[in-house]
Amino acid sequence: MGRILAQTESALKDLRAQLPAETRTIIYSPKFNSGAFCVPWESTAEVIEKEFVDWDGSWLIMAPP
Numbered sequence: 022m023g024r025i026l027a028q029t030e031s032a033l034k035d036l037r038a039q040l041p042a043e044t045r046t047i048i049y050s051p052k053f054n055s056g057a058f059c060v061p062w063e064s065t066a067e068v069i070e071k072e073f074v075d076w077d078g079s080w081l082i083m084a085p086p
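Here's what the structure looks like:
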């Protein structure tokens, strides 16, 4: 689990660096890592919050109906 979260953190840092600073962006995502990798969603959500703490966009979690 630790390795998956470390790789997720690296990927999110890269994503954050690619986002335009002057545009309010919306990211739609599923609860990644929690399915095939069996990582508790709360752990992944903490990594997202850490990497996007001062970000002015919105991160929306999509769930199946």
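Count along the sequence shown from 1, add 21, and you get the number used in the numbering used here. Even for Gly, the Cβ is constructed at its ideal location relative to N, Cα and C.
- At least 8 Å separates the beta-carbon of E63 from that of E30.
- Closest in C-alpha terms to R24, from the list N54, Q39, E70, comes N54.
- I47 and E70 have their C-alpha atoms roughly 15 Å apart.
- Per the C-alpha coordinates, the member of A27, R45, A32, C59 positioned closest to D75 is R45.
- Taking the Cα of G78 as reference, the smallest distance to any Cα among L36, A27, L26, A32 is reached at L36.
- At the C-beta level, M83 and P51 come within 8 Å of one another.
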